[in-house]
Amino acid sequence: MAQQETGYLIHKDGRGWYCPGAQGYTLHADEAGRFTHSDAFAYSHPNGPNGPRDGITFKHESEVQSGADCEKDIRIHALTTERDTLRSAQEELSQALSEAAAEIETLKAQLRGANSAADTIARACL
0 MAQQETGYLI HKDGRGWYCP GAQGYTLHAD EAGRFTHSDA FAYSHPNGPN
50 GPRDGITFKH ESEVQSGADC EKDIRIHALT TERDTLRSAQ EELSQALSEA
100 AAEIETLKAQ LRGANSAADT IARACL
């Protein structure tokens, strides 16, 4: 099938479809701007042809269901981001807990040593 030159919609994860003229975002595909293939490619590759896409994709309007909205996709993106943040925080807390437990064990050993030394001194003074 030959590539069509016009009628492309651009989508950014967490934001929605590009509005006409790439001026803002909309959740509704019917309100989205239509771009040429070359413009859609350029917008969806902000870091060059081989660079990261920053969550930007494009589809031809024939691949997008009329009336489709991406509110669900945006919510999924937000929840995924929140989950990843919580996992990272959990890992940091787990690491801090492990370090605290090791410090407690070190302090307990030092206290046992100090108690032993105090007992030895007390017996010597008798």
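Residue numbers for the sequence shown, in numbering that gives the first Met the number 0: 0 to 125. Every residue gets a Cβ at the ideal spot worked out from N, C-alpha and C, and that includes glycine.
Open item on the list: Per the DSSP calculation, G15 is bridged to which residue(s)?
Closed with: K11
- [ ] Look up T56 in the DSSP assignment and give the residues it is bridged to.
- [x] H10
- [ ] Just the C-alpha distance for Q3 and R52, rounded to the nearest angstrom, thanks.
- [x] 22 Å
Task: Assumed close pair H36, Y7 - CB separation to whole angstroms, cut-off 8 Å - done: Between H36 and Y7, the beta carbon gap of about 6 Å places them in contact (Cβ cut-off 8 Å).
Task: Secondary structure of T25, DSSP reduced to three states - done: strand
Open item on the list: Considering Cα atoms alone, identify which of D72, G47, T84, T105 is closest to G15.
Closed with: D72
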